[in-house]
Amino acid sequence: MTYILGTAGHVDHGKTSLITALTGIETMHLPEEKRRGMTIELGFAALEDSVLGTIGIVDVPGHERFIRNMVAGTWGLDAALLVVAADDGWMQMSTDHLRVLKAMRVTSILLVMTKVDLVDNDMRELLRQDINIQCIKILGHPLEIVEVSSVTGEGIDELKKKISEVLASSKRRIAHTAFLYIDRVFTLKGIGLTVTGTLRGGALTQGDTLALYPGNVSCRIKNIQSHHKDVTSISNNARTALNLKMNDKIEVKRGMLLAKNSETPILEGSELLIRVDEFFYPDGQVNTFKNHTELEIALGSTHAIGTLHLNSFDHSLGRLSLHEKLACAWNQNAVLIRHGGSSILAACRVLFCFDKYHRATFKKAFELYKHTEFSSWQSYQFKLLGYVEHSTVNIKDINADVNTLIKTPSFYISRELFNECEKKIFRIAEKSQVGFTPEEFDIAVPVKLRLEILNALCEKGKIEKKEHRFILKGKSGNSLSEQSKKILDMALKAGTNGIEIDKIQIPQIKKEVRDLVLLHKLILLENFLYYHRDVYDTVCKKILEGKKAGDILTIAETRERTGLSRKYFIPILNLLEKEKKVLRKENDRIIL
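Here the working numbering is used: the first residue of the sequence shown is 1416, the next is one more, and so on.
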């Protein structure tokens, strides 16, 4: 079992020095970081614990301009160290970083007071009091404080002990599929594309096939590294580097999501349904958030710009319309940040993603989520669609009365949707003279479910299946509509001239003619030209009369026997060939 620990706190409060004191590893790796003396990008280290083993550590930047990188470092944490320097005290970024930890559901937090060698005991006590006040204001409770000095080594051993205790008791968040947000991308000569990130939700093995989102692009793991060591597999909750085999034309960027195929969906899109759990206002202000505001959402290791439109009836719900697609898990935690700035505006969760904005879709989603929470994505999907595959869900997750469910071989379907489908099927069946296929049963459910609903109605004796079509029980093809009778009468009277239906003004003539063809009452010669069945049979009898297998039938003889022009007898000969009564040989036909 592995754990991920992260840092948080204001710039220059000693986060990177603290990690070096704990692990002996310097996480600053960029020349710009070393020149400025502050963390810009995410840094990574490992702490060896006698009980827990290797603990991965993520060092996040503390400067307000890099708040998005800070969010990228927190999404996969089991616990965090909130660092406050004794000589500076609590700062605005201390507040913002604690808000981010709260938004990302990191509940196991140690408050580390650094640089205690620079202040006296009275100053320490005052700072402890202020820290408790600030934590209670944000979290509702104080945090345990560990006082350390990275210079003198004071408190470092005590901190290691506390880290072990906090991680061992942390509430590890469970993901239902193995996924990893990419936080670094690079190409190594002779090795190829390599990405790094924090693995959540399950193990990965060399050779596994993954999907890259957005886009659902397939790729394969060629090699795995963890803490600079080659391994054949990597477990959940671990820092890892993956060497990938994929199409060279695909651009792989930080913020993209790698996931192992499973029944659990990865959401992707540019239109997001979100739930705002908490708005963050400056001290002394409430309800100052302006609707339809342009802002940024940060989740995983990605962030995107968009406009938030809050729902009129439940202001915790909103539609976030983004400039580009992103990918995430259902109910994934995120942070809303002022666009172009660093202010943390709100904590939220992504409830669903859509490719495009459809007013009706969002209206229904808002109605379903209004003052309501769902226990799982399956529960939401069932409520939204009215069905869910039972191979992907425990019936308890649906959160529905079992008496309102109908179970087909592959699905749970709500009785309301089943009844709606049944009514629609009967309306179609009553109008149809020859029955209908599942594709013609036009309702927004998968074809597989349509078939299972139709089969269930067959078992109840309400409809019956004839070949690949379904028809109302007891209804025969002789029950013709008035329009069909009129078309047949016209075709019979037309004789060998046939009828051309594109020239006939009868309501829904194409559907009526299609049904008559399926009933073998009309014969399609070609294009829009049809014969009555009796007329066609009479012409065919004249053509074949007195002929036996192997005899030759010429074009001239066919014209003479029927008295018809090529417009008619060539299509008829072609039909006879399809019926395997004749075989074409150059311009002649051989009787079979």
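Positions of the beta carbon are idealized from the N, C-alpha and C atoms, including for glycine.
Keep in mind that this is a model prediction, so the values were computed, not measured.
Using beta-carbon positions only, say whether residue i and residue j come within less than 9 Å of one another.
i       : j       : result
Thr1567 : His1428 : no
Thr1977 : Asp2003 : no
Val1527 : Val1475 : no
Ala1744 : Thr1592 : yes
Thr1611 : Thr1647 : no
Lys1575 : Asp1464 : yes
Leu1766 : Leu1714 : no
Thr1708 : Leu1732 : no
Pro1824 : Glu1867 : yes
Thr1417 : Ile1434 : no
Gly1488 : Ala1653 : no
Cys1873 : Ile1858 : no
Ile1752 : Leu1741 : no
Gly1670 : Phe1769 : no
Leu1799 : Ala1780 : yes
Tyr1596 : Ser1716 : yes
Cys1955 : Lys1996 : yes
Val1667 : Leu1608 : yes
Ile1419 : Leu1496 : no
To which residues of the same chain is residue i closer than 6 Å at the C-beta, ignoring the five residues directly before and after it?
i       : result
Glu1941 : Pro1986
Arg1451 : Low per-residue confidence applies at Arg1451: pLDDT is 33, beneath 50, and the placement is therefore not dependable enough to give any value.
Lys1957 : Arg1976 and Thr1977
Can you look up residue i in the DSSP assignment and give me helix, strand or coil?
i       : result
Glu1463 : strand
Leu1558 : coil
Thr2015 : The chain is shown from 1416 up to 2007; residue 2015 falls before or after that span and cannot be answered.
Asn1658 : strand
Glu1540 : helix
Met1528 : strand
Asp1692 : strand
Gly1488 : helix
Glu1994 : coil
Ser1432 : helix
Phe1851 : strand
Leu1445 : Residue confidence is low: Leu1445 scores 37 on pLDDT, short of 50, so the model does not pin down where it sits. Its coordinate-derived value is still stated next. Note: Leu1445 maps to coil in three-state DSSP.
Asn1652 : coil
Arg1451 : Caution applies to Arg1451, whose pLDDT of 33 falls short of 50 and renders its modelled position unreliable; the value that the coordinates give is listed next. In the structure shown, Arg1451 sits in a helix (DSSP, three-state: H, G or I).
Ile1759 : strand
Ala1859 : coil
Thr1977 : helix
Lys1877 : coil
Leu1737 : strand
Gly1477 : Residue confidence is low: Gly1477 scores 45 on pLDDT, short of 50, so the model does not pin down where it sits. No coordinate-derived value is stated.
Gln1898 : helix
Glu1686 : strand
Arg1520 : coil
Glu1972 : helix
Thr1438 : helix
Leu1507 : It should be noted that the sequence gives Gln, not Leu, for residue 1507. Three-state DSSP puts Gln1507 in a helix.
Gln1399 : Not covered by the structure: residue 1399. The range shown for the chain is 1416 to 2007.
If you drop the 5 nearest sequence neighbours on each side, which residues of the same chain put their C-beta closer than 8 Å to that of residue i?
i       : result
Thr1510 : Gln1549 and Ile1553
Thr1522 : Ser1585 and Lys1586
Lys1785 : Asn1726, Phe1728, Asp1729 and Leu1732
Glu1992 : Leu1998, Arg1999 and Arg2004
Leu1542 : Val1499, Ala1501, Gly1504, Trp1505, Met1528 and Val1534
Ala1964 : Ile2006 and Leu2007
Val1803 : Gln1793, Gln1796, Phe1797, Ile1813, Phe1826 and Tyr1827
Might you give, ordered along the chain, the residues of its own chain that have their beta carbon closer than 7 Å to the beta carbon of residue i, omitting 5 neighbours on each side?
i       : result
Pro1557 : Asn1547, Cys1550 and Ile1551
Asp1952 : none
Thr1703 : Tyr1696
Met1538 : Ala1501
Asp1917 : Phe1943
Lys1962 : Leu1968 and Ile2006
Lys1517 : Ile1553, Leu1554 and Ala1762
Leu1735 : Leu1687, Ile1689, Ile1712, Gly1721 and Leu1723
Lys1877 : Lys1888
Glu1915 : Phe1943 and Leu1944
His1935 : Arg1948
For residue i, verify whether its CB is less than 8 Å away from any heavy atom of the ligand GDP.
i       : result
Glu1804 : Among the ligands in the structure shown, none appear at all, so the ligand GDP cannot be discussed.
Can you give, in chain order, each stretch of the alpha helix (DSSP H) that sits fully within the region 1764-1836 and has at least 4 residues? 1774-1784, 1792-1800 and 1810-1813
Segment contact, 8 Å Cβ cut-off, at least three pairs: the region 1566-1585 with the region 1601-1621: no
Evaluate contact between the region 1941-1950 and the region 1905-1917, counting only Cβ atoms and requiring at least three cross-stretch pairs below 8 Å. yes
Runs of 3 residues minimum, wholly inside the region 1908-1970: which ones carry the beta strand (DSSP E) assignment? 1937-1941 and 1944-1947
Any 3 or more C-beta pairs closer than 8 Å across the region 1650-1660 and the region 1633-1641: yes
Could you tell me whether the region 1922-1933 touches the region 1845-1852, where touching means 3 or more Cβ pairs closer than 8 Å? yes
Whole runs of the alpha helix (DSSP H) within the region 1567-1649, excluding any shorter than 4 residues: 1571-1583
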